[in-house]
Amino acid sequence: MFKRKPLLSRWKMEFRQAEAVCLPSAHLHLTAATMQVSQKDFQKAQEQLKLLKNDPGNEAKLKLYALFKQATEGPCNAPKPGMLDFVKKAKWDAWNSLGSLSQDDARRKYAELVSSLVSAESADQKKEASPEEGRHDGYETLLVTTKNNITKIMFNRPDKKNAIDHKMYREIMKALEEAGKNDSTIAVITGNGEYYCSGNDLNNFANIQPGDMEKMAKDAAVLLKEFVDHFIDFPKPLIAVINGPAIGISVTVLGLCDVVYASDMATFHTPFSHLGQSPEGCSSYLFPKIMGVAKANEMLLFNKKLTAAEACAQGLVTEVFPHRTFQKEVWARLEAYASLPKNSLAVSKQLLRSLEKEKLHEVNSKECEVLQERWLSDECINAIVSFFQRKSKL
Ligand code: COA
0 MFKRKPLLSR WKMEFRQAEA VCLPSAHLHL TAATMQVSQK DFQKAQEQLK LLKNDPGNEA
60 KLKLYALFKQ ATEGPCNAPK PGMLDFVKKA KWDAWNSLGS LSQDDARRKY AELVSSLVSA
120 ESADQKKEAS PEEGRHDGYE TLLVTTKNNI TKIMFNRPDK KNAIDHKMYR EIMKALEEAG
180 KNDSTIAVIT GNGEYYCSGN DLNNFANIQP GDMEKMAKDA AVLLKEFVDH FIDFPKPLIA
240 VINGPAIGIS VTVLGLCDVV YASDMATFHT PFSHLGQSPE GCSSYLFPKI MGVAKANEML
300 LFNKKLTAAE ACAQGLVTEV FPHRTFQKEV WARLEAYASL PKNSLAVSKQ LLRSLEKEKL
360 HEVNSKECEV LQERWLSDEC INAIVSFFQR KSKL
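For the sequence shown, counting from 1, position 61 maps to 60 in numbering that gives the first Met the number 0; every step adds exactly one.
In structure tokens, the structure reads:
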């Protein structure tokens, strides 16, 4: 059965035919020296056009066609095609729209258009040659990139459900410091893979000799305090993009983020008492403020795991998106936010935070102090031992 060629290929074929017809037989009335120069550029542009690797799109091709016809034949003199002959009609319209543009100007514009298409293509090729454009060096546990005024800090231990080990705590702090100082307008935290983050890496407590327990707890409390301080003091809008389940410290610091977007596959779990521990990340102060005391207690005392919809209803999450369209919708929105005036956003964020900053540092210190003791408690040690025993029995 005869198949019609797609519109674009038919159009290309006809354009080539027009070139073939027009080029050799073009009767160019050029005499002035300036016109000879533009004729030379015009011919060079036609050669360059053949080297383009990518289709420049119908709009650009119609412009090229019209300028070529105008440059070689002058104003449109062809009869108007019928309404149903879409391709011919589009070409005729484009040529006719150039009105009485001189042939010399048409040649110049044609050469300019080709040159802009060639530059755009070579810029795209450069981009393709470096697919990790904007990637920051020096991270093992994170993928950090800056692009479109957004610094994205992505947890990158998907095989460990993005659990935060000591190295990752330090790298997150370093990434926040960089993002706070660089040219980006906003910073975004997210997770790679199925989980957003499974919280503190429980291996941080493993293989500690009995005599080293106190030192371990003290060092861990210093590290945690410093980590949470980085969230309290972060100077720009900080947005959490929760791609999947979130546990422990990755949930508690959400109260210190400015906006939290979640996939409908995300869950929010703070199993502190289950692990013989206590709340951190300023959640003991912020969660009751955000969701009310009764709901905060269910989460922080009794380990209640929230769905994304529940977390949104309780004010911890700003908005929930269907998982299928989550990344697309959220990043489109974030790119729009990132085009807002950067200094205005930073100043406003700092103003909002300034009212609570001192209090938050105070809460953070207290929470870390309590946790330092908890980590030495039998309840905590036994809970961590049973996590690893459960794993070894599987
Ligand atoms: N600390 C240490 N290791 C962790 C971890 C954590 N917080 N979260 C995940 N992992 C590791 C697992 O030990 C496992 O490692 P392995 O492949 O070497 O055995 C790997 O990540 C995959 O996790 P697994 O448990 O096999 O996947 P799962 O789908 O069955 O369960 C979790 C996922 C997150 C529910 C489960 O790993 C878990 O409960 N982790 C602990 C969460 C936690 O209590 N965090 C601290 C909160 S205060």
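Glycine included, every Cβ here is placed at the ideal spot set by N, Cα and C.
C-beta contact flag for residue i and residue j at 7 angstroms
i           : j           : result
residue 315 : residue 253 : yes
residue 297 : residue 288 : no
residue 236 : residue 266 : no
residue 152 : residue 195 : no
residue 134 : residue 144 : yes
residue 175 : residue 367 : no
residue 89  : residue 65  : no
residue 106 : residue 70  : yes
residue 250 : residue 269 : yes
residue 44  : residue 110 : yes
residue 216 : residue 371 : yes
residue 57  : residue 75  : no
residue 166 : residue 140 : yes
residue 234 : residue 345 : yes
residue 375 : residue 212 : yes
residue 319 : residue 307 : yes
residue 102 : residue 81  : no
residue 113 : residue 42  : no
residue 285 : residue 382 : no
residue 369 : residue 260 : no
residue 132 : residue 53  : no
residue 322 : residue 262 : yes
Endpoints, alpha helix (DSSP H) assigned at residue i
i           : result
residue 180 : 165-180
residue 71  : 57-72
Host beta strand (DSSP E) of residue i (start-end)
i           : result
residue 189 : 185-190
residue 146 : 141-146
residue 151 : 149-154
residue 268 : 266-268
Integer-rounded CB distance, given that residue j should sit under 8 angstroms from residue i
i           : j           : result
residue 149 : residue 183 : 6 angstroms
residue 362 : residue 281 : 5 angstroms
residue 299 : residue 278 : 5 angstroms
residue 396 : residue 226 : In this structure the chain extends from 0 to 393, so residue 396 is not present and cannot be described.
residue 276 : residue 373 : 5 angstroms
residue 197 : residue 162 : 5 angstroms
residue 154 : residue 199 : Contact flag wrong, Cβ pair sits at about 13 angstroms.
residue 59  : residue 116 : 6 angstroms
residue 387 : residue 205 : 7 angstroms
residue 324 : residue 258 : Not really, about 18 angstroms apart at Cβ, beyond 8 angstroms.
residue 360 : residue 218 : With 8 angstroms as the limit, residue 360 and residue 218 do not qualify as a contact, their Cβ atoms being about 20 angstroms apart.
residue 185 : residue 333 : 7 angstroms
Open item on the list: Going residue by residue through the region 192-257, where are the continuous alpha helix (DSSP H) segments of at least 4 residues, counting only ones entirely within it?
Closed with: 212-231 and 248-251
TODO: Enumerate, from N- to C-terminal direction, the unbroken beta strand (DSSP E) stretches of 3 or more residues contained entirely within the region 271-358.
DONE: 318-320
Task: Ranges of the beta strand (DSSP E) found wholly within the region 90-118, counting only runs of at least 3 - done: none
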